[in-house]
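Each remark here refers to the structure printed beneath this line.
Residue numbers (full-length UniProt numbering): 1 to 710.
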């Protein structure tokens, strides 16, 4: 260490390396701090924030000639050395405040031999005095000196022990903290002795201290800073997440999370879990995003409940809002929005909800099933989404391509999808790629914001907002509005969910559920013009629940949270901007006539009306749709497995409205007549090559379909 060391300028950041950030709620309540390398708590306040008597008392106690020396107090050193060599008390000391600061900044010197350590302290103290004013040195010292347990500096000790900002510290409390500088872990007797000794030296009259605990015991039991963190726990999952993001500044991070709302949502989660326990449900998570004003590219995180009890042994610390699990049907709105935006489908497009075998790689087939194990025949896209039918969703992803939807999910923030699209296959439409509650909430927020994937406001750093993720447009405003109205239509989903369910609200809410295989995960995500509310119910262990679906499990939580949020607010209504209501035939998707079984759907205003339906005829009592093939679908491909018995690979056939034909006849490849049952079912043996089926009523051809076997 040469003389040049003395003339190296001092970087003020040298003293702030271990500062821990206070993390506050929306209501400005401290819920915790960031971590530093030494697992201590340290705040930093300007010397101007301290009452004048703080620095005066500390100088009297630690370095009475601080204002006159230049880093080394030779008189104090000589007194200390004399005492050490000749006094029975062996009193050490002699270190100035500046020398003590050197030890604080460079703690590794404590391991050096005493002679080397003292030389280093002398040189460093002189360097500090050269480059810093007395106020700057005092500020660094008061903010950095170790005081009690894991508390560093007067500001953090004041908050922890007395529950107050440093500017409100009393003289008695200042004396109490000052006597802890010499020995952080002091007995009550030691504190009492040094406190009363120091009170005789300061120019401020304070009473004799008889019980040191009287000053701080109340706050040590439950300080305002620790009350939420230590005992309640509903803010802990958010706290840990913010810590792990590692973006915290010095001093304060004021979050958007409301401690009051978090407590109420936490109460709802636990209340609903009490009722779900009999169904083998042990945990739940919930999350709330809020739109502020007319913001059209961001939402604020206002509540995050990771589990029923953060402090529960085992899985309590798991943050269920960030965990990836099979997403069930929750991705269907995004899938259909993508298909609509790409002009592959419209909300009135017709899907065949029938038994299908979809070819996948390596010679396999994918046979999706609906949750109710039934097939509804021809339905519109709106009905397929509203009633969460699986087969139309798989048909959609096959049409747009699994790789295309995979890339779209990545653009929507699903960066956990690390495998290739072929690994997930068409099951990606049914959530096999997984998702987190945070991802889903953000994605559903895009329907609230007119197709824009929102950035999530988490809080403020020195008054400037801090966001999670970036905003980007995912699909058009017209598409977002169409999907929003489909998900808000309780009549549209009535066939699957019934007239009375937890998905119905006394105010407009667009909602979607998801249930994974074996009822392991129950999801519900809802949104209106102001909030996105999402919930997950299940077991962190992955154990099956007892048939708890998304509408029943997580739906209960979302229902109650929405009622809480809207309790004191005007019941907003959806105001359409880009769509209007039109009537379509339920079975053809064409413009309905008065003869059609019709469905009213909200579609974009610029939509070119499809041709008028001409497939219906009126009988005496009913309206029926014309005959046609339900399956095979035109262009469908089947795979022949040589290792399987040929007779077990027959290709199933189903014809709708076969009863309307007087003399039905079915021909295979224009030569072989196939026998048809009275309900329109038949089958043909499997053989490689292109195949053709033709349906006749007598000699009049009614329908035909082509398919292929490979």
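Beta carbons are placed, not taken as given, at the ideal position from N, Cα and C, and that holds for glycine.
_Tell me which residues share the same chain as residue 125 and place their Cβ nearer than 8 Å to its Cβ, disregarding the 5 neighbours each side in the sequence._
71, 72, 96, 98, 99, 101 and 102, listed in sequence order.
*Which whole-angstrom value is the C-beta distance of residue 297 and residue 454, which I expect to be below 8 Å?*
Yes, they are in contact, since the Cβ atoms of residue 297 and residue 454 sit about 6 Å apart, within 8 Å.
*Bridge partner(s) assigned by DSSP for residue 353*: BP columns for residue 353 point to 377.
*Is the Cβ-Cβ distance between residue 257 and residue 304 less than 8 Å?*
Cβ distance < 8 Å, so residue 257 and residue 304 count as in contact.
*Hey, could you find the ends of the alpha helix (DSSP H) residue 559 is sitting in?*
Its alpha helix (DSSP H) spans residues 554 to 566.
_Once DSSP output is grouped into helix, strand and coil, what is the label at residue 593?_
If DSSP states are grouped into helix, strand and coil, residue 593 belongs with coil.
*Among the residues of its own chain, which have a CB less than 7 Å from the CB of residue 592, if the five just before and after it don't count?*
Excluding sequence neighbours, residue 592 sits near 583, 584, 585, 598 and 613.
_For residue 670, which residues in the same chain have their Cβ closer than 8 Å to its Cβ, ignoring the five residues on either side in sequence?_
Excluding residues within five positions, the ones whose Cβ falls inside 8 Å are 692 and 694.
*Would you decide whether residue 120 is buried or exposed? Buried here means 16 or more other CB atoms lie within 10 Å of its CB.*
By the neighbour-count rule (16 or more Cβ atoms within 10 Å), residue 120 is buried.
*Taking the Cβ atom as the reference point for each residue, do residue 792 and residue 637 lie within a distance shorter than 8 Å?*
The question about residue 792 has no answer, for the chain in this structure spans 1 to 710.
*Where do the N-terminal and C-terminal ends of the alpha helix (DSSP H) with residue 237 fall, by residue?*
Taken as a continuous stretch (DSSP letters only), the alpha helix (DSSP H) holding residue 237 covers 236 to 245.
*Thinking just about the alpha-carbon of each residue, which of 275, 702, 302 and 555 is nearest to the one in residue 667?*
The option with the nearest alpha carbon to residue 667 is 702.
*What's the C-alpha gap between residue 596 and residue 345?*
For residue 596 and residue 345, the distance between alpha carbons rounds to 21 Å.
*Return the residue from the list 36, 14, 24 and 609 that minimises the CA-CA distance to residue 238.*
It is 24.
*Mind pulling the beta strand (DSSP E) runs of 3 or more residues that sit fully within the segment 246 to 287?*
Within the segment 246 to 287, the runs of beta strand (DSSP E) at least 3 residues long that lie entirely inside it are, in chain order, 252 to 255.
*Report, in whole angstroms, the separation of the C-beta atoms of residue 148 and residue 157, which I expect to be a contact under 8 Å.*
So it is a contact: roughly 6 Å between Cβ atoms.
*Between the CA atoms of residue 59 and residue 209 - distance to the nearest angstrom*: Between residue 209 and residue 59, the alpha-carbon positions lie close to 21 Å from each other.
*Can you tell me where the alpha helix (DSSP H) with residue 175 in it begins and where it stops?*
Element bounds for residue 175: 171 to 179.
_Buried or exposed for residue 138, going by 16 or more other Cβ atoms inside 10 Å?_
By the neighbour-count rule (16 or more Cβ atoms within 10 Å), residue 138 is buried.
_Environment of residue 568 [buried if 16+ CB atoms lie within 10 Å]_ = Burial call: exposed.
_Integer Cβ distance of residue 544 from residue 333, believed to fall under 8 Å_ = The beta-carbon separation of residue 544 and residue 333, rounded to 26 Å, does not stay under the 8 Å limit for a contact.
*Taking Cβ to Cβ, would you say residue 711 is nearer than 8 Å to residue 251?*
With the chain covering only 1 through 710, there is no way to say anything about residue 711.
*Measuring CA to CA, which of 430, 236 and 480 is closest to residue 715?*
Any property of residue 715 remains undetermined from this structure, which presents the chain solely from 1 to 710.
*Which of the three DSSP states, helix, strand or coil, is assigned to residue 52?*
Residue state, collapsed to three classes: helix.
*Assign residue 528 to one of two classes, buried (16 or more other C-beta atoms within 10 Å of its C-beta) or exposed (fewer than that).*
Its Cβ being crowded by 16 or more others within 10 Å, residue 528 is buried.
*Look at the Cβ atom of residue 535, then the Cβ atom of residue 558, and state whether they are nearer than 8 Å.*
Their beta carbons are under 8 Å apart, which means residue 535 touches residue 558 by this criterion.
_Can you check which of these residues, 155, 186, 365 and 479, is closest to residue 709 by C-alpha distance?_
Closest by alpha carbon: 365.
*Grab the span of the beta strand (DSSP E) containing residue 523 for me, first residue to last.*
Boundaries of the beta strand (DSSP E) around residue 523: 521 to 527.
*residue 246: buried (16+ other C-beta within 10 angstroms of its C-beta) or exposed?*
Exposed: under 16 other Cβ atoms inside 10 Å.
_If contact is defined by three or more beta carbon pairs under 8 Å, each pair taking one atom from either stretch, is the segment 318 to 329 in contact with the segment 268 to 285?_
Yes, the segment 268 to 285 touches the segment 318 to 329.
*Are the segment 186 to 202 and the segment 264 to 283 touching by the rule of at least three beta carbon pairs closer than 8 Å?*
At 8 Å Cβ cutoff, the stretches do not touch.
*Could you name the residues of the same chain whose beta carbon sits closer than 7 Å to that of residue 220, not counting the 5 residues immediately before and after it, in chain order?*
Residue confidence for residue 220 is low, a pLDDT of 47 falling below 50, so the modelled location carries little weight and cannot support an answer.
*asked:* Rounding to the nearest angstrom, what Cα-Cα distance links residue 602 and residue 688 in this structure?
replied: So the alpha carbons of these two residues sit roughly 45 Å apart.
*Those residues which DSSP pairs with residue 583 across a bridge*: According to DSSP, which records beta bridges pairwise, residue 583 is partnered with 600.
*Sorted by chain position, which residues of the same chain lie with C-beta nearer than 6 Å to residue 122's C-beta, five sequence neighbours on each side aside?*
Excluding residues within five positions, the ones whose Cβ falls inside 6 Å are 72.
*Quick check: the segment 469 to 481 against the segment 258 to 267, are there 3 or more CB pairs under 8 Å?*
By the C-beta criterion, the segment 469 to 481 is judged not to be in contact with the segment 258 to 267, since fewer than 3 inter-stretch pairs fall below 8 Å.
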